[in-house]
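Here is the structure we will look at, set down as structure tokens.
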Amino acid sequence: MVNYWLVKSEPDAFSWDEQVKNGVEPWTGVRNHLAKKHLAAMRPGDRAFFYHSNIGKEIVGIVEVVREAYPDPSAESGPWVCVDMKAVKPLKKPVTLAAIKADPRFAELALLKYSRLSVGPVSAEHWKMLCEMGGVDG
DNA sequence: GCCAACGTTGGC
DNA sequence: GCCAACGTTGGC
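Numbering (our numbering), first residue to last: 1 to 138.
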């Protein structure tokens, strides 16, 4: 069973271009308990949208989880975890936040419902719709 | 255990 | 630069 997710990054801190260039990258720095719960639920093979927050405000690519949650080396203390992500492919056409908001079918999407959550689930239906909007196959 | 104050995130 | 949402902290 493959699950789908959406992860946010400020491109100033870590961008899709860097993800592509580096290949496999640890997804670190999550300091929110709900987001951490989502990280811990990820399994190798799960896929996630890579979203640029603040600058761009659009989904720019698809990544795949290659290593399940392990202790976040960037955390000095606490129970924080990270996963390793691998770039799969960019969207042919980035899907903007404005475009997502304009479609009422996305009202329940975690990205909209919990705007400050940096890691959230995406339903299979939403995944398919967003891939179509982005011009790629899931 | 409640709640006000404060900090951070992220959209606008 | 502002503000809303939300998490955290600290006084009581």
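Note that CB positions come from ideal geometry on N, CA and C, so glycine has one too.
Can you find a heavy atom of the ligand SAH that lies under 7 Å from the Cβ of residue i?
| i | result |
| --- | --- |
| Gln19 | Only the bare structure without any ligand can be found here, which leaves the ligand SAH out of the picture. |
Going by beta carbon distance, what residues of the same chain come within less than 7 Å of residue i, once the five residues before and after it are set aside?
| i | result |
| --- | --- |
| Asn54 | Glu10 |
| Cys131 | Asp137 and Gly138 |
| Ser74 | Thr28 and Gly29 |
Tell me the DSSP bridge mates of residue i?
| i | result |
| --- | --- |
| Val7 | Phe50 and Val119 |
| Thr96 | Glu58 |
| Val63 | Ala48 and Ala87 |
| Glu25 | Met85 |
| Pro71 | Val81 |
Rank the options by C-alpha distance to the C-alpha of residue i and give the top, closest one.
| i | options | result |
| --- | --- | --- |
| Lys21 | Leu39, Ile59 and Lys86 | Lys86 |
| Val119 | Gly56, Phe50, Glu68 and Pro73 | Phe50 |
| Asn32 | His126, Tyr114, Val122 and Ala124 | Tyr114 |
| Arg67 | Val24, Leu117 and Trp80 | Val24 |
| Ala107 | Pro73, Glu125, Ser74 and Ser15 | Glu125 |
| Lys89 | Lys128, Lys36, Asp12 and Asp17 | Asp17 |
| Lys8 | Ala41, Gly134, Leu97 and Lys92 | Leu97 |
| Gly135 | Val60, Pro73, Leu91 and Gly78 | Leu91 |
| Met1 | Met42, Glu76 and Leu109 | Met42 |
Would you decide whether residue i is buried or exposed? Buried here means 16 or more other CB atoms lie within 10 Å of its CB.
| i | result |
| --- | --- |
| Tyr4 | buried |
| Gly45 | exposed |
| Asp103 | exposed |
| Arg47 | buried |
| Ala35 | buried |
For residue i, collect the residues of the same chain with a Cβ closer than 8 Å to its Cβ; drop the 5 residues on either side in sequence, then sort them by chain order.
| i | result |
| --- | --- |
| Arg39 | Before going on, a small fix: residue 39 reads as Leu here, not Arg. Result list for Leu39: Trp27, Val30, Ala69, Val81, Cys82, Val83 and Val119, in chain order. |
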